[in-house]
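**Q**
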Amino acid sequence: MDRNEAVLRELNLYPQWQLRVPVVAQLRVAQAMPVVTQVAEPVSVTPVLVRPPAWPELKQKVHDCTDCNLHATGSPTMFGSGDEAADWLFIAGAPGAEEEKLCLPFAGFAGKLLDNMLSAIKLGRGKNVYLTHLVKCGPPGEREPKSVELAACLPYLQSQIELLNPKLIITLGQTAACALLGVEQPLDTLRGKLHDYRGISLLCTYHPADLLQRPLDKAKAWQDLRLAVQTVASVTV
Ligand code: SF4
835 MDRNEAVLRE LNLYPQWQLR VPVVAQLRVA QAMPVVTQVA EPVSVTPVLV RPPAWPELKQ
895 KVHDCTDCNL HATGSPTMFG SGDEAADWLF IAGAPGAEEE KLCLPFAGFA GKLLDNMLSA
955 IKLGRGKNVY LTHLVKCGPP GEREPKSVEL AACLPYLQSQ IELLNPKLII TLGQTAACAL
1015 LGVEQPLDTL RGKLHDYRGI SLLCTYHPAD LLQRPLDKAK AWQDLRLAVQ TVASVTV
């Protein structure tokens, strides 16, 4: 049994998913999330484009941030990690307690499952992949982030997206999908098709932690990953 077969077996996806090629219509959804733009001082009639801060400066800003109440939890900020030139950007809602304890995005059993999902499509942490969250500080009790917290933290994520300029964004879980698309719909209606986020293809799928709770959804997650591979392969720079 080769490595891929082993991974697919672990995901309960072998062999029925080997020959499937999903045909998925593209759906372009206008994002309703507030657009945060940096506006230059009106010193000239010529528009001034403000670039996002470079990675080190951005990391420092997040580290020092007190822009919402989540800074008071005392938990370490979770900036994100991976290949800073990655084509693939994965975004989940908020760091959980185990991630904060280990200072590692997507830790524990959910992280192991994510690693296996990445391996199944010949990717890995730091290998053309960047992982991050909507909010960089974990809400207490692993509750969902509030809208005011999402709004406060969104500029950091947008700077990360601008710096990465990925070929594909994959949201993991309900919170990330709805926040980035600016909709309130069940994840089941958002997944399985392509959306647009500021000119970048965006695909929604399940959070690995949810897949551990609902293993039957692994097949749909695998379908999403197959679409993701096709999408990245079709993007020309
Ligand atoms: S969640 Fe984001 S906005 Fe809020 S304190 Fe942490 S880094 Fe700042």
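Residues in the sequence shown are numbered consecutively from 835, following the numbering used here. Positions of the beta carbon are idealized from the N, C-alpha and C atoms, including for glycine. No experiment lies behind these values; they were computed from the predicted model shown.
#1: Going by DSSP in three states, residue 995 sits in which element: helix, strand or coil?
#2: Looking at the structure shown, is residue 1155 part of a helix, part of a strand, or coil, going by DSSP?
#3: Answer yes or no: the CB of residue 966 versus the heavy atoms of the ligand SF4, is any distance below 7 Å?
#4: For residue 936, is the classification buried or exposed, using 16 other Cβ atoms within 10 angstroms of its Cβ as the cut-off for buried?
#5: Looking only at C-alpha atoms, which of 1056, 1040, 1065 sits nearest to residue 944?
#6: I'd like the span of the beta strand (DSSP E) that includes residue 924, first residue to last.
#7: Between the alpha carbons of residue 1061 and residue 911, how many angstroms are there, rounded?
#8: Grab the span of the beta strand (DSSP E) containing residue 1030 for me, first residue to last.
#9: Grouping DSSP H, G and I as helix and E and B as strand, with all else coil, what is residue 987?
#10: Taking the Cβ atom as the reference point for each residue, do residue 1063 and residue 1001 lie within a distance shorter than 8 Å?
#11: Could you pull out every residue in the same chain whose Cβ sits closer than 6 Å to the Cβ of residue 1024, ignoring the five residues on either side in sequence?
#12: Nearest to residue 1045 by alpha carbon, out of 1022, 973, 969?
#13: Considering only their Cβ atoms, is the gap separating residue 968 from residue 925 smaller than 8 Å?
#14: Roughly how many angstroms lie between the CA atoms of residue 1049 and residue 1043, to the nearest whole one?
#15: Starting from residue 966, trace the alpha helix (DSSP H) in both directions and tell me its first and last residue.
#16: Quick one: give me the first and last residue of the alpha helix (DSSP H) that residue 1065 is part of.
#17: In the DSSP assignment, the alpha helix (DSSP H) including residue 1023 goes from what residue to what residue?
#18: Write down the C-beta distance between residue 998 and residue 1014 rounded to the nearest angstrom, noting that I regard them as a contact closer than 8 Å.
#19: Taking the alpha-carbon positions, what's the residue 963 to residue 927 distance?
#20: Can you give the Cα-Cα distance for residue 973 and residue 966, rounded to whole angstroms?
#21: Would you please state the rounded distance, in angstroms, between the beta carbons of residue 971 and residue 907? I believe it to be under 8 Å.
#22: How many angstroms separate the CA atom of residue 895 from the CA atom of residue 886?
#23: How many Å lie between residue 946 and residue 1032 at the Cα?
**A** In this structure, then:
#1: Indexing the sequence shown from 1 puts residue 995 at position 161. Three-state result, residue 995: helix.
#2: The requested residue 1155 does not occur in the structure, where the chain is confined to residues 835 to 1071.
#3: Position 132 of the sequence shown, counting from 1, holds the residue named residue 966. Checking every heavy atom of the ligand SF4 against the Cβ of residue 966, none is found closer than 7 Å.
#4: By 1-based counting over the sequence shown, the position of residue 936 is 102. The residue is exposed, with fewer than 16 neighbouring Cβ atoms inside 10 Å.
#5: Here residue 944 corresponds to residue number 110 of the sequence shown, with the count starting at 1. Comparing Cα-Cα distances from residue 944 to each of 1056, 1040, 1065, the minimum goes to 1040.
#6: Taking the sequence shown and counting its residues from 1, the one referred to as residue 924 is at position 90. Run containing residue 924: 922-926, per the beta strand (DSSP E) assignment.
#7: Against the sequence shown, residue 1061 aligns to sequence position 227. Against the sequence shown, residue 911 aligns to sequence position 77. Roughly 32 Å between the two C-alpha positions.
#8: Sequence index remark: in the sequence shown, residue 1030 carries index 196 (1-based). Segment 1028-1031, the beta strand (DSSP E) holding residue 1030.
#9: Here residue 987 corresponds to residue number 153 of the sequence shown, with the count starting at 1. DSSP, reduced to helix, strand and coil, places residue 987 within a helical segment of the structure shown.
#10: Indexing the sequence shown from 1 puts residue 1063 at position 229. Indexing the sequence shown from 1 puts residue 1001 at position 167. In this structure, residue 1001 does not lie closer than 8 Å to residue 1063 by Cβ.
#11: As a working mapping, residue 1024 is identified with position 190 in the sequence shown. Answer for residue 1024: 1011, 1038, listed in chain order.
#12: Along the sequence shown, one-based indexing puts residue 1045 at 211. Ranking the options by Cα distance to residue 1045, first place goes to 1022.
#13: On the sequence shown, position 91 is the one that residue 925 refers to. On the sequence shown, position 134 is the one that residue 968 refers to. Contact: yes.
#14: Stepping through the sequence shown from its first residue, residue 1049 is reached at position 215. Stepping through the sequence shown from its first residue, residue 1043 is reached at position 209. CA-to-CA, the gap between residue 1049 and residue 1043 works out to about 10 Å.
#15: In the sequence shown, counting from the first residue as 1, residue 966 sits at position 132. Looking at the DSSP string, residue 966 is not in any alpha helix (DSSP H); the run it does join, the beta strand (DSSP E), is 963-967.
#16: To locate residue 1065, count along the sequence shown from 1; it is residue 231. That run of the alpha helix (DSSP H) goes 1052-1068.
#17: For the purposes of this step, residue 1023 is taken as residue 189 along the sequence shown, with counting starting at 1. 1021-1024 is the extent of the alpha helix (DSSP H) around residue 1023.
#18: Here residue 998 corresponds to residue number 164 of the sequence shown, with the count starting at 1. Here residue 1014 corresponds to residue number 180 of the sequence shown, with the count starting at 1. Rounded, the Cβ-Cβ distance is 14 Å, inconsistent with contact.
#19: The residue given as residue 963 occupies position 129 in the sequence shown. The residue given as residue 927 occupies position 93 in the sequence shown. Each residue's Cα considered, the two are about 17 Å apart.
#20: On the sequence shown, residue 973 is found 139 positions in, with the first residue counted as 1. On the sequence shown, residue 966 is found 132 positions in, with the first residue counted as 1. Approximately 15 Å, taken between the alpha carbons.
#21: For this step, residue 971 is matched to residue 137 along the sequence shown. For this step, residue 907 is matched to residue 73 along the sequence shown. Right, their Cβ atoms sit about 6 Å apart.
#22: Reading the sequence shown from its first residue, position 61 is the one you call residue 895. Reading the sequence shown from its first residue, position 52 is the one you call residue 886. So the alpha carbons of these two residues sit roughly 12 Å apart.
#23: For the purposes of this step, residue 946 is identified with residue 112 of the sequence shown, where counting begins at 1. For the purposes of this step, residue 1032 is identified with residue 198 of the sequence shown, where counting begins at 1. Distance between the alpha carbons of residue 946 and residue 1032 is about 31 Å.
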